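What follows is a single structure, written as C-alpha cells, with notes after it.
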DNA sequence: TAAAAATACTCCATAGGTATTTTAT
DNA sequence: ATAAAATACCTATGGAGTATTTTTA
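Chains as they are written, first to last, in our numbering: chain A, 10 to 309; chain B, 10 to 309.
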C-alpha cells in the first residue's frame, strides 16, 4: 500500500534528479533508495524517472506525481499542528443555543469578539427555548447555551457562568395610573391581569413569579402568554395587562409603556451561559472568553 | 514519521468506535491496532480517542484529525489513477508554438477540439518565429509547434506531420495589369519588386523562392520585409510590389489586391506540426488528434 | 576512468500475530 | 459473567545498510 515515506523519497529524487544526493538528504544510502523508487514505480504501474546510468529525468507521469505528492506531503505535515490546535481548542466547532431574550444583551458583542479571537472555531447559533436546548444537549447536538432562569436555578448536571443578574421590573401601560408609593403600587399591580412568558421557555423563572404571588397572598391572573419580549411589550402597550420583565428590557422603549422598579421585592432574573461538564476545549475557550469580557466590563 | 497506514487505522477505529471491529475491517487483530493508535497519539502529542475499557469516543482532537485524515487518504487514493492518466497522456501540459501564418488555417478548430477531448491537458500557445521555436525546443520550453517551410524541409531531428501543402500564389495590386497568358504574366511578375517574409521566419521557404528565381534566370528585387501576412497584403495593396504567398492567404480579401495562381511552377509551401522524437504522451495525443482531424477532413 | 545507478546479500526494527490480563457493565 | 481494551511476548517481513558490479560520458 502506498505510503508517505516512498512519496518523500520520490520527491527528493525528483527534485535533485540524483539518487546519491537525494539519499543524503533523506539520511539514507543510495541502494535502498533505488529499490524504493523501483517498488513505487511497480505499485503505481508507471515509469516515473527516465534514467540512463548517468542522468535522471522526470517522465510525464513523474512530473504529475511530483506535483501531487508535494501537495499531499504538505497537507500531511500540517496534521500534527492541526490536531494540537484542536486539542487546545483553537479550532473545531461550537454549537451555541440561546433563548431569544438574551439576544438583547451583550451576547452579539461577545460573539463578534470570539470570532475574531478564534477564527479557527466555527460558531453556529441555534435559537431555542430552554427545554429544547436541554434535549439538544442530551443528544449531543449542542455544546453550550445561554438561558434565563431564577437565581441559582441553573439546570442540574451543567456548569454555569452567570452573565447577568437583574431585578424584574413591572411593565405597564401609561394609561394605567399606578399609585405613587411602592407599597400601594405593588398591591395594585398584583391584582391586575398578567402577560407572561410561557413556562416552557424559562420554567424556574415562571415558577419563581408564581411563588412571589403566593408569598404575597395572591394568585396571578394570566391573560396571555407570549414568547417574545417584543410581543409582551406590545400587548402591555395595548392594555392587555401588566408584565414582569428583566430590567434590561427597559431598553425596549415603546410609546405608551412605562417601567416601574420595586427594589428587591420581586424575584430576580439570572442569565447564564451553561455547558456540560467536561466539554470540548473549544467550549472552554468560549466560556473563558465570555468570563474575560465580563471581568473587563466589571472593571470599567 | 507520520504515515498513511496509521491514519487508515485511526479512521477505521474512529468510524466504528470499536477496536475489535476496526481491526477486522483492516484485516488485522486487535492488539497491534491498539498499539498503533497509542503510537499515533504519542507522535501527535494528543489524545485522539477517549476510551473506557468498554466504550470508545472521539476527543475534539480526534474529531479534527478524522476530518483531515479522510481528506488526505482520499487524495492519496487518487494518486495511482492520476499518475496512470499522466502516463497515458490524459493530463499534463502542452506548450505549443506556432508561426503567426498558420493561425489563418484550421488550427483554431483543432485546438478547440483537443481541449474538449482532453480537458486534463493544459494547453499554452506561444507565437514565435521558427528559429525562436527551435531554440525553445532546445531549452525544453516547447513541446510541439506549427511551422511553415519548403516541402520536405522539416527541421532535422524532429518528427513532423504535414498538415497542409499549398501552392504559392502571386498577390498583386489590381492596378498592375498582368498579362493574360500564364507564361507572359510570370515573366512580367519576376521582374517586379517583391515584398517577402523575413528569412528567419521561414528559412527554407525563403531559400526555395530564391532558388525559383535563379532557376528562371532572374534575381528577386526585394523592396520590403514583413512578418505578418496582413502587413504583406497591405503593402501589396499600396503598390509597394508583388508577393508570393501560400494559397490559403487568398482568404484575406483586400480591396485592390488580386491573387493569381501559376499551377505547380512556383515553389509550394508546406505547413507541419513538429515535435521532438520521444515526446511526452500528452504531445503524442495532440499529434494523434491533429492526424485524426486531417483524416476525417480528407474523407469529406 | 570516474561517477552514478543497479544488483546482491545481510541485518534488525517494527508491524503484526498469539496468549493473557484487566475492567466496566 | 462477559465483552472489550490493554499488556506481554513472539515472529517475520521488508526497509535500510555494506559490498560490489555495470555502464556511459
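The C-beta atom is built at its ideal place from N, Cα and C for all residues, glycine as well.
In this text, all values refer to a predicted model and were calculated from it rather than measured experimentally.
Asked	Found
Tell me the start and end of each unbroken beta strand (DSSP E) in the region 161-202 of chain B that is at least 3 residues and wholly inside, in chain order.	167-182
Tell me which same chain residues have a C-beta within less than 7 angstroms of the C-beta of residue 39 (chain A), skipping the five on either side of it?	28, 29, 32
When the distance is taken between beta carbons, is residue 202 (chain B) closer than 7 angstroms to residue 232 (chain B)?	yes
In chain B, what lies closer than 8 angstroms to residue 14 (chain A) by C-beta?	10, 12
Could you check whether the Cβ of residue 73 (chain A) sits closer than 7 angstroms to any Cβ belonging to chain B?	yes
Going by alpha carbons, who is nearest to residue 122 (chain A) out of A:299, A:307, A:308?	A:299
With a threshold of 7 angstroms between beta-carbons, can residue 76 (chain A) be considered close to chain B, or not?	no
Check whether the region 237-253 of chain A and the region 161-168 of chain A touch, using three or more Cβ-Cβ pairs below 8 angstroms as the test.	no
Is the separation between the beta-carbon of residue 53 (chain A) and that of residue 92 (chain B) shorter than 7 angstroms?	yes
Might you give, ordered along the chain, the residues of its own chain that have their beta carbon closer than 8 angstroms to the beta carbon of residue 101 (chain B), omitting 5 neighbours on each side?	95, 129, 130, 131, 289, 290, 291
If we call anything under 7 angstroms between Cβ atoms a contact, is residue 195 (chain B) one with residue 159 (chain B)?	no
For residue 241 (chain A) versus residue 247 (chain A), is the C-beta distance shorter than 7 angstroms?	no
Which residues of chain B have a Cβ atom closer than 9 angstroms to the Cβ of residue 93 (chain A), listed in chain order?	53, 54, 55, 70
Between the alpha carbons of residue 259 (chain A) and residue 268 (chain A), how many angstroms are there, rounded?	7 angstroms
Please list, in chain order, the chain B residues whose beta carbon lies closer than 9 angstroms to that of residue 289 (chain A).	68, 69, 72
Using the beta-carbon of each residue, which ones in chain B are nearer than 7 angstroms to residue 85 (chain A)?	11, 81
Going straight from the alpha carbon of residue 183 (chain A) to that of residue 262 (chain A), what length do you get?	12 angstroms
To the nearest angstrom, report how far apart residue 72 (chain A) and residue 238 (chain B) are at their CA atoms.	39 angstroms
According to DSSP, is residue 156 (chain A) part of a helix, a strand, or is it coil?	strand
Is the CB of residue 41 (chain B) under 7 angstroms away from at least one CB in chain A?	no
Report yes if the CB atom of residue 197 (chain B) is closer than 7 angstroms to the CB atom of residue 211 (chain B), and no otherwise.	no
For residue 88 (chain A), go through chain B and note every residue whose CB falls closer than 9 angstroms to its CB, in chain order.	11, 16, 53, 74, 77, 78, 81
Hey, out of A:149, A:126, A:218, whose CA is closest to residue 277 (chain A)'s CA?	A:218
Which residues of chain A have a Cβ atom closer than 8 angstroms to the Cβ of residue 237 (chain B), listed in chain order?	Under the 8 angstroms cutoff, chain A gives no residues; its nearest Cβ is about 35 angstroms from residue 237 (chain B).
Contact defined as beta carbons within less than 8 angstroms: I believe residue 11 (chain A) pairs with residue 13 (chain B). What is the distance between those atoms, to the nearest angstrom?	7 angstroms
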